[in-house]
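Position 122 of the sequence shown, counted from 1, bears residue number 117 in our numbering, the numbering being contiguous throughout.
Ideal Cβ placement from N, Cα and C applies to all residues, glycine included.
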Amino acid sequence: MNLVELQIVFSSPGQPDKTHIQQWIDAALQGYGKDAEIVVRIVGIHESAELNKQYRHKQGPTNILSFPADIPEGLGLNLLGDLVICAPVIEREAMEQQKQLNHHWAHIVIHGVLHLLGYDHVKEEDADIMEDIEIKILQALNISNPYLEVTQP
């Protein structure tokens, strides 16, 4: 069983509970083959911006930061890593992209877990692979493709 430690530093009304976050993480780890431990920290704008500047050398907050654990295989520890999620950025993006808030949360959590598993989107072909995996996981959760553009009537 996957273990999720949830740290809530910032909370808002539309924020998912631990049960949903656990469900999304379990879905993303379905093919992983072993149990994992992930720390999920939900933060506000300030902490996200500070961490983004410190670790990615980018200004401003971001929706999610993934910190893979660097633990040697033989130690028997299951810590996969940490996810730091900025709730206000998630909420703003969902509104701007006209997505259901809970669906956007699911997408971003799954996206972060895939980063912990070693996926990235620096190169276009890697981005395509990562997006395809995200879409399949989300479809299994009855969540539509987050990469489809919303068209205005």
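Item: Ser6, buried or exposed, once every other Cβ within 10 Å from all chains shown has been counted against 16; Value: exposed
Item: Given 8 Å, three or more beta-carbon pairs between the region 30 to 50 and the region 71 to 82; Value: yes
Item: Whether Val104 touches Ile20 by CB criterion (8 Å); Value: yes
Item: Endpoints, the alpha helix (DSSP H) within which Pro83 is located; Value: 82 to 91
Item: Pairwise C-alpha distance: Gln10 and Ile37; Value: 9 Å
Item: Simplified DSSP state of Ser61, which is helix, strand or coil; Value: strand
Item: Given 8 Å, three or more beta-carbon pairs between the region 104 to 116 and the region 126 to 133; Value: yes
Item: Sufficient close CB pairs (3 or more, under 8 Å) joining the region 49 to 65 to the region 75 to 88; Value: yes
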